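K.L.:
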Amino acid sequence: MRVKIGLKIWLISNIIIAITFTNALAQNCNNLIFGTIKDAKTKEILPGASISIKEVKQFSIVEEDSHYHFNQLCNGKYTLQISFVGYQNKDISFEIKKTATEINVFLTPISSQLSQVNVQGQVALHKLLQTQSQIKGKDLELSQGLSLGEALKAIPGLSSIQTGPSISKPVIHGLHSNRVLIYNNGVRLEGQQWGSEHAPEIDPFIANQITVVKGAASVLYGSDALGGVILVEPKPLEFNKTLKGNVNLVGMSNNGMGAISTLVEDAMGKNANFAWRLQSTVKIAGNSKTPDYYMQNTGFNEKNAALTFGYKGDKFNAELFASTFNTKLGIFTGSHIGSTTDLTNAINQPEPLAIYQSNLNYKIDRPYQNVSHNLVKLKISYPLGDVGMLHAQYSTQQNNREEYDVVRGSVGKGYQLKFDLNTQNAEICLDHSLLPGLQGNMGLQGMYQQNYYDGRDLIPFFTSYNGGIFLIEKYTKNKLSVEGGLRYDYKYMQARVRQNRKDSKSPEIQPKFNFDRVSVTLGAAYQILSDVKWSNTLAKAWRPPAINELFSDGLHHGSASYEKGDINLKEESSLNFTSGISKTNGKLTGEISAYVNHIDNYIYLKPDLQPVLTVQGAFLAFSYTQVNARFTGVDFFTQYQFNNFFKTAIKYSLVRAYNLANNKHLEFIPPDKISLILQAKINDTKKVKNTSLDVTINHFAKQWRVLAAQDFAPTPNPATLVNVDLSSQIFWGKNHFNISLSCINAFNTRYRDYLNRFRYYADETGRNFILRLQVPIGKNTPSKI
Amino acid sequence: MKTNTKLSLIAFMAFSLAISSCKKDKKELPPVDESELITTIKLQFTNASNATDIKTYTWRDIDGDGGAAPVIEEILLAANTNYNMEIVKILNETTTPPEDITEEIAEEDYDHLFVYKPSADLLTLQITDKDKNNLNVGLMGLVTTGAAKNGTLQVVLRHQPGVKDGTEAPGSTDFDITFNVKVQ
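These protein sequence lines are chains D and S, in that order.
All residue numbers for the first sequence refer to the working numbering, where the first residue is 17 and numbers rise by one.
All residue numbers for the second sequence refer to the working numbering, where the first residue is 508 and numbers rise by one.
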């Protein structure tokens, strides 16, 4: 569980290790190459160019200062390949003989041969100046088998809210659910994000890299992105005729989880114009165990597959992507309560009743959820001469959710609640570079959505239409980059609901809603030193109230509360300012950023003074209400590389969130977290390479800012947890195997997590050994390290 | 500018409309599903020494959770008297005709437990019916009142599928209601 933040250096060093392997050179491997990439005529720097080393087929996007850097290179001959929109590709052959080599690259603008441009990175080429963090390479590999929410927790500023051990969703700077957008291979994931117990419908195994944009990023990604954006990005298709792939095996001791994920890819056609990739994942997990007991009915299983088909031609490129995600999630039986008394009893017990303490088994009973998500995307990219690249994309997704509750006479009964959400997205955008140093993106996006339900009436039928238009430009001159963007979104929604929702004979009404707002982003980054950058972003974002906030009316059994929506809610809008300094080279690297996110009309559940008396007793009542709120926080990361064998890193994040109406701290905001990471590497041998031992110590503070009256139970005590990862690469003939053994919560510490909705009922999971093995198929270069 | 923006948006949305809404949204709203709802509980007290002295008291929340508050009748009992108590009706009156849940609970009595909590020194209640595992059910009981006093009687139905052990703790609450009681 180690991650990194925005710091390319370590990733690059990982790539370098890949180079080390492919060249199988065991001699001097501590060499450095570096330089900048500039326009051959104007000598202006070219941020966003991609640079790769041909011998290992690895590439990376160059930072805003246009500086690139590879270290720990072995002596030998290499070829640098550089590409950038609007410029001719360039190959530079060189030989490393000394410890430090400077290679400055000058690219020549092209007039009409844009078809030569390498458009491998089919993701939006525009990279925001805003703070971004990535998980890829070894860090991503060491998160395999975990859910998306869990995997991202290692990034400062990120946490996850959980509903028991099987359901987890990401939180960015204290914001989550409807305020965080997730993009699955370039498609805005539209799932039923109507509650904290609805996990994102995505298989993290498809990702080659996960990028997190922290803070409001609506201009480029659409309304709702008040907290940030998570981009789950598969590797670009490779158009070379080699059948290859890998099999990833993951086993966990705590819940007996077994996962197998397979990836196979190849190219076809006379000129290898066609490429395809098939990826599939199967996961089966049993009951999770706290240090003292198993939690009954917390198993889950998952069956996912994704097929990508690509065409790369002289005139245009196309990609067809289809994926299916299917899961069955057990919900801890001890969390099923019917009244406030049940909740109080559960809170007062030090541990769940013995009957809810189980053994390791894979049986899933009521309550459980069946969730499936299917996606088809077609994207066409068309070069437009000097102007840039035109992208058109259409996608359709279907999300189906069935919830099975504990009911009387459940034998033979089906689900109690079913949602069927269908979404279609169409977008057209132009990645362009109209003048040297100026780079931008503009486009139109539209979305059509329809939801049906069956069973319990929680979320009504609705149909909605969204439309958005945006323009964003970034201008770079020497050490300064400035960015400006503007977007307008409009949303129309019509619900269908009975006037009296508890009476079948009540007439149908069709409330209509119109929302529209403008989003803005302004950014500036200044290169103080060659490796020190100061960046600032001011962004205005908004989101329309979500359907559950407008229409909820009923008991929420998980929290023993009665929730009431309000159809008069207005748009939520935020003004977000982030300022950060990062240092990317040398022994000492790091990043610190601070932010203020002021949200007008922040929607939250306000406790009502009068409880609601029901047949199951009195319930605390909550109404969706709007107040002004302010989120402030700091994310910090620093790393010191003592030598080639030892390094240490510290991460820290804090969030403060206040309701400005009464100056009370908001509920469900992550407590402060600090992590200390120690890494030791050992010398490579001929068969065993890149062996490293990582020890991570995470400390969570107590969220004492939330008053006792704001919660059913006191907030949990602080906890210190230790994770250990041992990873290595084994070379066997021409193949290599990546292998790792991790131990999460090594000291089997008993604790409860403030952001877990089930902390009222049970402890967090205890010690968990995770064994991972990556076996190559066909002819491979080490794709991930 | 804004008009232009709106126009282009409308054009774009018309495009998405064209590709998406070929089928008209004619789907009917599903019927109101309140199958788990209990609106009405009727308790009957029969004087043990006078079979014609029968009294029934009702707890009723006709519109279910939320909305109007429940209507709860006050239980009136004679002091120092034995009564045979029975839960005669458990209904969901939001449906027509009302759904009788009493029988369903009686059939699954091995998954259910009624728990009675009278206020101090008011009365005692001894459960007299057992399930197939010889554990208390609580659809029937023997009530012995004390001296004249005002108090409350709380009645809780615990749903304990597969986990019933005779105690209140396992499972979840199906209903949890409280009557005012006058012993006179």
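The C-beta atom is built at its ideal place from N, Cα and C for all residues, glycine as well.
Small disclaimer: the values here were computed from a predicted structure and weren't measured.
Which one of 235/D, 282/D, 231/D has the shortest CA to CA distance from residue 256/D?
P.N.:
Taking the first sequence and counting its residues from 1, one reaches residue 256/D at position 240. Closest by alpha carbon: 282/D.
K.L.:
Let me know the secondary structure DSSP gives residue 222/D once reduced to three states.
P.N.:
Locating residue 222/D in the first sequence gives position 206, where the first residue counts as 1. Residue 222/D: helix per DSSP, three-state reduction.
K.L.:
Measure from the C-beta of residue 638/D to each C-beta in chain S and report whether the shortest distance is under 9 Å.
P.N.:
Position 622 of the first sequence, counting from 1, holds the residue named residue 638/D. Judged by the 9 Å Cβ criterion, residue 638/D is not in contact with chain S.
K.L.:
Kindly indicate if chain S contains any beta-carbon less than 9 Å away from that of residue 361/D.
P.N.:
Within the first sequence, residue 361/D is the residue found at index 345, counting from 1. For residue 361/D, the answer is yes, since a Cβ of chain S falls inside 9 Å of its Cβ.
K.L.:
Assuming residue 218/D and residue 341/D make a contact with CB atoms under 8 Å, what is their CB distance in whole Å?
P.N.:
The residue given as residue 218/D occupies position 202 in the first sequence. The residue given as residue 341/D occupies position 325 in the first sequence. Confirmed, about 6 Å.
K.L.:
Applying the 10 Å Cβ sphere with the 16-neighbour rule, what's the burial state of residue 63/D?
P.N.:
By one-based count along the first sequence, residue 63/D stands at place 47. Flag for residue 63/D reads buried.
K.L.:
Which of helix, strand or coil does DSSP assign to residue 505/S?
P.N.:
Here chain S covers residues 508 to 691 and nothing more, so residue 505/S does not appear.
K.L.:
At what residues does the alpha helix (DSSP H) containing residue 157/D begin and finish?
P.N.:
Here residue 157/D refers to the residue found at position 141 of the first sequence. Residue 157/D -> alpha helix (DSSP H) spans 153–157.
K.L.:
I'd like the ranges of any beta strand (DSSP E) spanning at least 3 consecutive residues and lying wholly in the region 617–666 of chain S.
P.N.:
619–625, 630–634, 647–652, 656–666
K.L.:
Taking residue 264/D and residue 745/D to be in contact with their CB atoms under 8 Å, please state how far apart those CB atoms are, rounded to whole angstroms.
P.N.:
Along the first sequence, read from residue 1 onward, the residue named residue 264/D stands at position 248. Along the first sequence, read from residue 1 onward, the residue named residue 745/D stands at position 729. Going by Cβ atoms, the distance from residue 264/D to residue 745/D rounds to 14 Å, so no, they are not a contact pair.
K.L.:
How is residue 687/S classed by DSSP in three states: helix, strand or coil?
P.N.:
Taking the second sequence and counting its residues from 1, one reaches residue 687/S at position 180. Looking at residue 687/S - three-state DSSP - the assignment turns out to be strand.
K.L.:
Starting from the beta carbon of residue 670/S, find every residue of chain D whose beta carbon is closer than 7 Å, and list them in chain order.
P.N.:
Here residue 670/S refers to the residue found at position 163 of the second sequence. Neighbours of residue 670/S on chain D, chain order: 371.
K.L.:
From which residue to which residue does the beta strand (DSSP E) around residue 498/D run?
P.N.:
One-based indexing of the first sequence puts residue 498/D at position 482. From DSSP, the beta strand (DSSP E) with residue 498/D extends over 496–514.
K.L.:
Return no unless some Cβ of chain D is closer than 9 Å to the Cβ of residue 543/S.
P.N.:
Numbered from 1 along the second sequence, position 36 holds the residue referred to as residue 543/S. At a cut-off of 9 Å between C-beta atoms, residue 543/S counts as an interface residue with respect to chain D.
K.L.:
If you pair each beta-carbon of the region 447–454 of chain D with each one of the region 487–494 of chain D, do three or more pairs fall below 8 Å?
P.N.:
yes
K.L.:
May I have the straight-line CA-CA distance separating residue 543/D from residue 60/D, to the nearest angstrom?
P.N.:
Counting from 1 along the first sequence, the entry for residue 543/D is found at position 527. Counting from 1 along the first sequence, the entry for residue 60/D is found at position 44. One C-alpha to the other measures close to 14 Å.
K.L.:
Can you tell me whether residue 655/S is buried or exposed? The criterion is at least 16 other CB atoms within 10 Å of its CB, across all chains shown.
P.N.:
Here residue 655/S is taken as the residue at index 148 of the second sequence, counted from 1. Classification of residue 655/S: exposed, given that the 10 Å Cβ count is below 16.
K.L.:
So, is the C-beta of residue 580/S closer than 9 Å to a C-beta in chain D?
P.N.:
Residue mapping note: residue 580/S aligns to position 73 of the second sequence, counting from 1. Cβ-Cβ to chain D under 9 Å: no for residue 580/S.
K.L.:
Considering only the beta carbon of each residue, do residue 620/S and residue 642/S sit closer than 9 Å?
P.N.:
What you label residue 620/S is simply residue 113 of the second sequence in a count that begins at 1. What you label residue 642/S is simply residue 135 of the second sequence in a count that begins at 1. A contact, by the Cβ cut-off of 9 Å.
K.L.:
For residue 565/D, count the other beta carbons within 10 Å of its own beta carbon; 16 or more makes it buried, fewer makes it exposed. Which is it?
P.N.:
Sequence index remark: in the first sequence, residue 565/D carries index 549 (1-based). So residue 565/D ends up on the buried side.
K.L.:
Would residue 583/S be called buried (16 or more neighbouring beta carbons within 10 Å of its own) or exposed?
P.N.:
Here residue 583/S refers to the residue found at position 76 of the second sequence. It counts as exposed.
K.L.:
Which same chain residues end up closer than 7 Å to residue 43/D when comparing Cβ atoms and leaving out the 5 residues on each side of it in sequence?
P.N.:
One-based indexing of the first sequence puts residue 43/D at position 27. Reliability fails at residue 43/D, whose pLDDT of 49 lies under 50, so the model's placement of it is uncertain and no value is given.
K.L.:
Whole angstroms are fine: how far does the CA of residue 688/D sit from the CA of residue 236/D?
P.N.:
Looking up residue 236/D in the first sequence gives position 220. Looking up residue 688/D in the first sequence gives position 672. Rounded to whole angstroms, residue 236/D to residue 688/D spans 30 Å at the Cα level.
K.L.:
Can you tell me the Cα-Cα spacing of residue 50/D and residue 552/D, whole angstroms?
P.N.:
Stepping through the first sequence from its first residue, residue 50/D is reached at position 34. Stepping through the first sequence from its first residue, residue 552/D is reached at position 536. Just so you know, the alpha carbons of residue 50/D and residue 552/D end up roughly 26 Å apart.
K.L.:
Does residue 104/D come out as helix, strand or coil in the three-state DSSP assignment?
P.N.:
For the purposes of this step, residue 104/D is taken as the residue at position 88 of the first sequence. Reduced to three states, the DSSP call for residue 104/D is coil.
K.L.:
Restricting to runs no shorter than 4 residues, where is the alpha helix (DSSP H) found entirely within the region 142–224 of chain D?
P.N.:
153–157, 164–168
K.L.:
Going along the region 621–634 of chain D in order, which residues come within less than 8 Å of chain S, judged by CB to CB distance?
P.N.:
628, 629, 630, 631, 632, 633
K.L.:
Do we get a CB-CB distance below 9 Å when we pair residue 572/D with the residues of chain S?
P.N.:
Locating residue 572/D in the first sequence gives position 556, counting from the first residue. Cβ-Cβ to chain S under 9 Å: no for residue 572/D.
K.L.:
Examine chain D for any beta-carbon lying closer than 9 Å to the beta-carbon of residue 645/S, and answer yes or no.
P.N.:
As a working note, residue 645/S is residue 138 in the second sequence. Not an interface residue.
K.L.:
Please report the residue range of the alpha helix (DSSP H) in which residue 235/D lies.
P.N.:
Counting from 1 along the first sequence, the entry for residue 235/D is found at position 219. That run of the alpha helix (DSSP H) goes 234–237.
K.L.:
Rounded to whole angstroms, how far is the Cβ of residue 417/D from the Cβ of residue 385/D, which I believe are closer than 8 Å?
P.N.:
Looking up residue 417/D in the first sequence gives position 401. Looking up residue 385/D in the first sequence gives position 369. 7 Å between Cβ atoms; contact.
K.L.:
Between 683/S, 687/S, 689/S, which has its C-alpha nearest residue 547/S's C-alpha?
P.N.:
Position 40 of the second sequence, counted from the first residue, corresponds to residue 547/S. If we check each option's Cα against that of residue 547/S, 683/S comes out closest.
K.L.:
Three-state secondary structure (DSSP) at residue 304/D?
P.N.:
Here residue 304/D refers to the residue found at position 288 of the first sequence. The answer is coil: DSSP assigns residue 304/D none of H, G, I, E or B.
K.L.:
Determine the DSSP secondary structure at residue 672/S, reduced to helix, strand or coil.
P.N.:
Against the second sequence, residue 672/S aligns to sequence position 165. The answer is coil: DSSP assigns residue 672/S none of H, G, I, E or B.
K.L.:
What separation, rounded to the nearest whole angstrom, lies between the Cα atoms of residue 766/D and residue 578/D?
P.N.:
What you label residue 766/D is simply residue 750 of the first sequence in a count that begins at 1. What you label residue 578/D is simply residue 562 of the first sequence in a count that begins at 1. Rounded to whole angstroms, residue 766/D to residue 578/D spans 31 Å at the Cα level.
K.L.:
Can you name the residues of chain S whose CB is closer than 9 Å to the CB of residue 424/D?
P.N.:
For this step, residue 424/D is matched to residue 408 along the first sequence. The answer, in chain order, is 542, 543, 608, 611, 612, 615, 618, 619, 666, 668, 681.
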